[in-house]
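Numbering (the working numbering), first residue to last: 1 to 102.
First comes the structure, then the notes that go with it.
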C-alpha cells in the first residue's frame, strides 16, 4: 500500500514524535480505493530552526518517487514538538473537493 510506504519513509527520515498519514482520496472525484490524495502530519525535532518552505522541501525530497508517480495531492503539516503542543496537538481539517465545479 502506498500509505504504508509513505509512513515508513517519513518515519525513517524524520524520527517523528507524532506521524499521521491520512488517505483523503475519498474526498475527491477519484475511483473508490484510490491512493492519490494524502494529508501528512509530521512532528519532529528535525524541523527545529527550519522555515515552513524548508520543511516542505525536506518532505518532498523524501517522497520524491511517490510524488512523481502516484500522489496527485499532498497536504503537509510539519511541526516541531513545541509547535505541536501550541496547536493543541491538532492540524487543520482539509476541505472537501468541489469535484471540478465552482
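Just so it is clear, CB atoms sit at the ideal spot from N, CA and C, and this is done for glycine as well.
Treat the numbers as computed from the prediction; the structure is a model and nothing was measured.
| Check | Outcome |
| --- | --- |
| Taking only beta-carbon atoms, is residue 64 less than 9 angstroms away from chain D? | Of the protein chains in the structure, only one exists, and it is not chain D. |
| If you check the beta carbons only, do residue 71 and residue 2 fall under 9 angstroms apart? | yes |
| Okay, do the stretch 40–60 and the stretch 69–85 touch, 3+ Cβ pairs below 8 angstroms being the bar? | yes |
| At the level of alpha carbons, what is the spacing between residue 28 and residue 66? | 18 angstroms |
| For the beta strand (DSSP E) containing residue 37, name the first residue and the last one. | 37–43 |
| Report the residue from 18, 61, 63 whose alpha carbon sits nearest the alpha carbon of residue 42. | 18 |
| Count the other CB atoms within 10 Å of the CB of residue 91; is the residue buried (16 or more) or exposed (fewer)? | buried |
| Straight-line CA distance for residue 87 to residue 36? | 27 angstroms |
| I'd like the list of long-range same chain contacts for residue 59, defined as Cβ closer than 6 angstroms, with 5 residues on each side in sequence excluded. | 76 |
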